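With our numbering as the guide, the letters of the sequence shown map in order to residues 69 to 430. Backbone N, C-alpha and C fix where the C-beta goes; we use that ideal spot for every residue, glycine too. For clarity, every value in this text was computed on a predicted model and none was experimentally measured. See below for the structure under consideration.
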Amino acid sequence: MPAGPVADSDAESGLESTPESTVGLVIEGVEKAFPGYGQVLDGVDLHVAAGTSLAVLGPSGCGKTTLLRIIAGLDVPDRGSVRLGTRVLSGQGAWVEPERRNIGMVFQDWALFEHLNVSRNVGFGLPRSERRSSTRIDEGLELVGLSDFAERSTTTLSGGQRQRVALARALAPRPEVLLLDEPFSNLDAALRASVRGEVRRILRELSVTSVFVTHDQEEAFLLGDRVAVMNEGKVVQFGTPIEIYERPVNKWLATFVGDATFVEAMASDGSARTSFGEVRLDPSISGEVELLIRPERVGLMASTSGVTGTVTEVEYLGHSTRYALEVDGQLLVARQSSSPQYEVGQSVGIDLGDGEFWGFPR
Ligand code: ATP
């Protein structure tokens with residue numbers, strides 16, 4: 069059986085022996101049902117070490133926003149607890165009001181106040197005496213590179229600038245935790261890449277504990293020190309981006325986080341025999357398996373000696389070309405960082421390299 073990292077228990081995550089100052093956010097056994105809808109969260113356990121970021125990734129409707137709202141105190145869990153350091157925020161008989169949690173939130177629509185200028189927007193969450201002008205507002209604007217825009221109306225800003233105002237506003241009260249719900253989904257592709265890079269830089273610089281919600285795998289891997297993949301209210305896998313991509317716990321997850329094909333094989337002693345050759349396999353996996361083959365692991369060659377396949381599809385994506393191939397009756401997908409080199413119907417050589425593969429019992 070492939071041993072994959074599922075939701076951490078305290079012991080697995082080392083939480084029991086973690087010094088208090090680095091405990092961060094701990095979510096344990098959280099359950100939530102809505103009348104007329106049913107179970108939305110079903111026993112969610114997560115741990116975000118202080119100063120690190122967690123990306124919560126999952127398909128639409130799997131409960132990501134509900135989890136964020138429970139952490140923020142905007143929804144009450146039916147069961148389970150949320151802790152921040154040594155403070156219990158909800159559960160175990162405790163309840164801390166949202167405004168006393170020291171948690172900031174950036175929403176999908178950024179929720180800026182159009183009748184207030186940039187500076188007043190950033191100052192909105194601060195104590196009344198600091199709202200019109202304070203060093204926290206100046207610091208916030210400087211952090212996001214908008215110091216020269218303090219007096220501007222938010223209606224005159226670009227999408228990327230509005231997003232940065234929302235971030236500065238959430239950070240101005242210096243929250244212990246920042247929650248971000250699909251914060252880049254309203255930006256076009258080019259802006260999205262630059263704004264999310266900037267947000268990552270700012271959060272690392274400030275060592276804020278953060279939780280991002282996204283349905284975009286690339287974004288989750290880029291922004292999350294760790295990633296929790298959710299489906300139907302449950303955490304399917306909780307681990308580093310590399311663990312999630314290279315050692316997914318099941319086929320659904322393997323496909324959800326990237327292009328994947330599966331090839332039947334017989335495995336023993338760290339190697340797997342397929343109908344078209346032998347590859348190295350994680351030694352914990354044996355018996356009848358399906359190998360996980362990511363497209364970047366499939367090398368293609370013009371030579372037709374050795375293992376060969378027939379190209380059945382060519383997709384040019386700009387930064388790379390994706391090929392579908394038929395190899396001994398099975399589908400393989402390859403991706404190369406070059407413009408199309410092979411044509412549909414062409415016979416090409418295939419090299420799976422000598423790296424170790426991952427797989428699932430059949
Ligand atoms: P998306 O990516 O589409 O935003 P999500 O993973 O964030 O989805 P949630 O917003 O947490 O999902 O919602 C999970 C499910 O719970 C959805 O089907 C939603 O319709 C339902 N739901 C959320 N809030 C309520 C509510 N207050 N009352 C009833 N049902 C609700």
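Rounded separation between residue i and residue j - CA only
| i | j | result |
| --- | --- | --- |
| Val41 | Gly111 | Nothing in the structure corresponds to residue 41, since the chain is present only between 69 and 430. |
| Glu182 | Asp216 | 18 angstroms |
| Pro429 | Arg260 | 39 angstroms |
| Ser11 | Ile95 | No information on residue 11 is available, as it lies outside the stretch 69 to 430 that the chain covers here. |
| Ala236 | Leu209 | 6 angstroms |
| Val267 | Ser197 | 28 angstroms |
| Thr134 | Val233 | 24 angstroms |
| Val212 | Leu248 | 16 angstroms |
| Pro127 | Leu291 | 18 angstroms |
| Arg258 | Gly161 | Sequence check: residue 258 is Ala here, not Arg. When rounded, the distance between both Cα atoms is 47 angstroms. |
| Val74 | Glu356 | Only weak support is given to the placement of Val74: the predicted model assigns it a pLDDT of 42, under 50, and the value that follows is read from those uncertain coordinates. Near 23 angstroms, if we compare the C-alpha coordinates of Glu356 and Val74. |
| Val303 | Asp113 | 8 angstroms |
| Lys100 | Gly193 | 28 angstroms |
| Asp284 | Met369 | 32 angstroms |
| Glu300 | Gly307 | 18 angstroms |
| Asp256 | Glu287 | 14 angstroms |
| Leu180 | Gly227 | 11 angstroms |
| Ser21 | Lys319 | Residue coverage of the chain in this structure runs from 69 to 430, which leaves residue 21 outside it and unanswerable. |
| Leu109 | Ala402 | 37 angstroms |
| Pro408 | Ala322 | 26 angstroms |
| Val375 | Ser275 | 50 angstroms |
| Gly421 | Asn185 | 57 angstroms |
| Gly397 | Gln404 | 22 angstroms |
| Met298 | Gly129 | 10 angstroms |
Contact set for residue i: own chain, Cβ-Cβ below 8 angstroms, skip 5 residues either direction
| i | result |
| --- | --- |
| Glu346 | Ser339 and Ala340 |
| Asp350 | Pro70, Arg315, Gly338, Glu424, Phe425, Trp426 and Gly427 |
| Gln107 | Glu99, Lys100, Ala101 and Gly301 |
Assigned exposure category for residue i - 16 Cβ within 10 Å defines buried
| i | result |
| --- | --- |
| Trp426 | buried |
| Ile312 | buried |
| Phe252 | buried |
| Leu314 | In the sequence as presented, Leu is not what sits at residue 314; that position holds Glu. Counting Cβ neighbours within 10 Å, Glu314 comes out buried, since at least 16 surround it. |
| Tyr46 | Since the first and last residues shown for the chain are 69 and 430, residue 46 lies out of range. |
| His115 | buried |
| Tyr410 | buried |
| Arg269 | exposed |
| Leu385 | exposed |
| Pro103 | exposed |
| Glu273 | exposed |
| Ser354 | buried |
| Pro309 | buried |
| Asp131 | It should be pointed out that residue 131 corresponds to Gly in this sequence rather than to Asp. Label assigned to Gly131: buried. |
| Thr224 | exposed |
| Thr154 | exposed |
| Gly172 | buried |
| Gly367 | exposed |
| Gly191 | buried |
Same chain, Cβ closer than 6 angstroms to residue i, neighbours up to 5 away in sequence not counted
| i | result |
| --- | --- |
| Arg137 | Asp143 |
| Gly159 | Gly148 and Ser149 |
Nearest neighbour of residue i, chosen from the options [CA to CA]
| i | options | result |
| --- | --- | --- |
| Glu244 | Val98, Gln409, Leu400 and Gly92 | Gly92 |
| Glu332 | Arg155, Asp256, Ile361 and Val108 | Ile361 |
| Gly413 | Val395, Arg272, Ser221 and Gly421 | Val395 |
| Ala117 | Gly193, Val295 and Arg230 | Val295 |
| Arg188 | Trp163, Arg220, Leu157 and Gly172 | Arg220 |
| Ser373 | Phe330, Gly417, Arg365 and Asp422 | Gly417 |
| Met334 | Lys319, Glu358 and Leu321 | Glu358 |
| Asp146 | Gly397, Leu180, Leu225 and Val98 | Val98 |
| Glu364 | Ser343, Asp327, Met173 and Cys130 | Asp327 |
| Ser371 | Phe344, Asp419, Ser262 and Val156 | Asp419 |
| Ser262 | Ala322, Asp293 and Gln229 | Gln229 |
7 angstroms Cβ shell around residue i - same chain, five flanking residues per side excluded
| i | result |
| --- | --- |
| Phe175 | Asp249 |
| Ser336 | Ser354 |
| query | Any contact of the stretch 127-146 with the stretch 161-176, i.e. 3+ C-beta pairs under 8 angstroms? | reply | Cβ pair count under 8 angstroms is three or more, so yes.
| Are the stretch 229-243 and the stretch 201-221 touching, with three or more C-beta to C-beta distances below 8 angstroms? | Because the criterion of three Cβ pairs below 8 angstroms is met, the stretch 229-243 and the stretch 201-221 touch.
| Any 3 or more C-beta pairs closer than 8 angstroms across the stretch 391-403 and the stretch 375-382 | Touching, yes, given that three or more Cβ pairs across the two stretches are closer than 8 angstroms.
| query | Three or more beta-carbon pairs under 8 angstroms between the stretch 122-129 and the stretch 270-280, yes or no? | reply | Taking a cut-off of 8 angstroms on C-beta distances, the stretch 122-129 touches the stretch 270-280, as three or more cross pairs fall below it.
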